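Protein chains in written order, with this note's numbering: chain H, 1 to 168; chain E, 1001 to 1168. So the structure is just underneath, and the comments pick up after that.
Number of protein chains: 2
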Amino acid sequence: MPVQPATNIFEKHNHRRCLKGGMDEARALCQTQGLRLTPVRARVLEILLESHKALGAYDILAILDMDGMGRQPPVVYRALEFLVQSGLVHRLEKLNAFAACCHQGSAEGRGHEPMFLICTQCRQVAETSLKEVEGSIEKCAAALGFEVQSRVVELIGRCPACQGGAGL
Amino acid sequence: MPVQPATNIFEKHNHRRCLKGGMDEARALCQTQGLRLTPVRARVLEILLESHKALGAYDILAILDMDGMGRQPPVVYRALEFLVQSGLVHRLEKLNAFAACCHQGSAEGRGHEPMFLICTQCRQVAETSLKEVEGSIEKCAAALGFEVQSRVVELIGRCPACQGGAGL
DNA sequence: TCCATATTGTTATCTTATAACATATCACTT
DNA sequence: AAGTGATATGTTATAAGATAACAATATGGA
C-alpha cells in the first residue's frame, strides 16, 4: 500500500481518489484484521467518503433508507460504532456528527488521534495530526497528575473557501 | 478583587471558597456588565459550583424542580445559555454537560478558552489554560489556511484520586 | 450439517435540546 | 404613578440524537 502525504482537503484535489482510496483501505484493513465490512457498513462509509462534510447519524440514515438498507436508528448507529472503532470514521463531538477518516495510507495512519478543523459554513472537516500539540497537552495534564486516555481537539472556524463570503 | 493563582481542583482545597468566590464573582461581573443574575440563573450557577462535577441539563433541572424553581427544559437551558455566554459556566462537548468555571479572580479570567480535563470515573472537571497549546494549534490551522473562531480541547482520563482504583 | 458467534431487524424508549407563543417583570421615561 | 419597550419566565409541544432489549438471520468453522 503506497504511503502518500496527507491530503489537504481544503485545496482542490482529486476527490475520486479519496472515495476509492478510502474504500480500498477499508477493505484491506478489514481483511487483515478479520473484520467484516458488511453492506450497510460499507455503504455508510461510502456515504461519508462522498464528501468531506460532517453528517449526522439521521442524515446518513435517510440515505440508507432511500437505498432500502434500513430505516431504524440502530442500523446506522451500529454501523457507525463499527467504523469509528476501526478508525475509518471519526466522531465530531462539537457537532454530534461523523466524518470519514481521510488519512488513508498517510504517515499518520489509523489509530492516530487527530485534530479536526471544522468549517461552520460548509461543514467540511479537515483532519490533521495532533502530534505537534500533544507534547504541550501532556505537560499540562502531567502537572495536574491527570492520566490522559483520549483527546478531543476540534477547531471551529472557516475554511479558506468560505472566508471570502459573509461571516457566519 | 484579589487575584489568586488558579486552584487545582484535583487537590484538596477549601471548597467553600470555590462556591462563595464563584457567586461573588458572578454578582460582580453582572454588576459591571449590566447583566441580570436572576434567581434561576443564580441557582443554576450555585448548583454547578457545589461540586466540580459536570452535570447534564436535566440533572440540574431535577434540582431546580425540587427547589420549586421550574420543571420545564427551557428553564434550565435558558439559564445555562446565559451563564455560558457570560463565561461563568462551560459546556463540555464530549459529555453534553456543564460545569462551573472555576477560574474566578485568577490570571486567566473569564473570556479565556480553557482546556478541560475530565475524569471518566468521578466526572470531576479541571480547567487549565489553553495558552501553552494555542501556539501549535494556530500554526496547524494557518498551514491549512483555516481561520479559527473557537477551540474545543477536552482530555478524557482519570484524575489523581481515581487512578488507584479499578480502571474504567 | 450443526453450532457458536456476529450481525441485522424491529419496537420501544430515553436523553438532549429547541421552537413558539403567552405572561410577567424590569428599568426607564414621562 | 402610569406607560412603554426590552428582557425574562412559564408552558406546551416537538425535534434531534442515541440506546436497550429481544427476535430473526447470516457467517464461518468444527
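Note that CB positions come from ideal geometry on N, CA and C, so glycine has one too. In this text the structure is predicted, and so the values were computed from the model without any measurement.
Judged by pairs of C-beta atoms under 8 Å, the region 1059-1075 of chain E does not touch the region 1019-1026 of chain E, as fewer than three such pairs exist. Here DSSP, grouped into helix, strand and coil, assigns E:S1086 to coil. Look at H:R91 here: in three-state DSSP terms it is strand. About 17 Å separates the Cβ atoms of E:A1126 and E:L1088, ruling out a contact at the 8 Å cut-off.
Listed by position along chain H, the residues whose Cβ is nearer than 7 Å to that of E:C1102 form an empty set, because the closest Cβ is around 13 Å away. DSSP places E:S1150 outside any alpha helix (DSSP H); the residue lies instead in the beta strand (DSSP E), whose first and last residues are 1147-1158.
Using a Cβ-Cβ cut-off of 8 Å, H:G56 does not count as an interface residue toward chain E, since no Cβ of chain E sits closer than that to its own. Inter-residue distance for H:I137 and E:A1042 is about 33 Å (C-alpha atoms, whole angstroms). The Cβ of E:I1063 sits no closer than 8 Å to any Cβ of chain H.
Chain-ordered listing is empty here: chain H has no CB closer than 9 Å to the CB of E:E1113, the nearest sitting near 11 Å.
Per DSSP, reduced to three states, the secondary structure at E:T1120 is coil, with no helix or strand assignment. With contacts defined by Cβ atoms closer than 8 Å, E:F1010 and H:L55 do not form a contacting pair. For H:A54, the three-state secondary structure derived from DSSP is coil.
By the Cβ test, the region 148-156 of chain H is in contact with the region 1153-1163 of chain E, since at least three Cβ pairs between them sit closer than 8 Å. Pairing E:V1044 with E:V1076 gives a Cβ-Cβ distance under 8 Å. Taking 8 Å as the threshold, the shortest C-beta distance from E:G1164 to chain H does not fall below it. Counting along the chain, E:A1100 sits inside the beta strand (DSSP E) bounded by residues 1097-1100.
Within the DSSP bridge table, the entry for H:A79 names no partner.
With respect to H:C30, E:M1115 sits apart: the two C-beta atoms are not nearer than 8 Å. In chain H, no part has a C-beta under 8 Å from the C-beta of E:V1044; the shortest such distance is about 22 Å. According to DSSP, residue pairing for H:P114 in a beta bridge involves H:S129.
Counting along the chain, H:E46 sits inside the alpha helix (DSSP H) bounded by residues 39-49. Of all residues in the region 1087-1101 of chain E, those with a C-beta nearer than 7 Å to a C-beta of chain H are E1093, K1094, reading in chain order.
Going by DSSP, H:D67 is part of no alpha helix (DSSP H) at all; its letter is neither H nor E.
Within a 10 Å sphere around the beta-carbon of H:A100 sit 16 or more other beta-carbons, which makes this residue buried.
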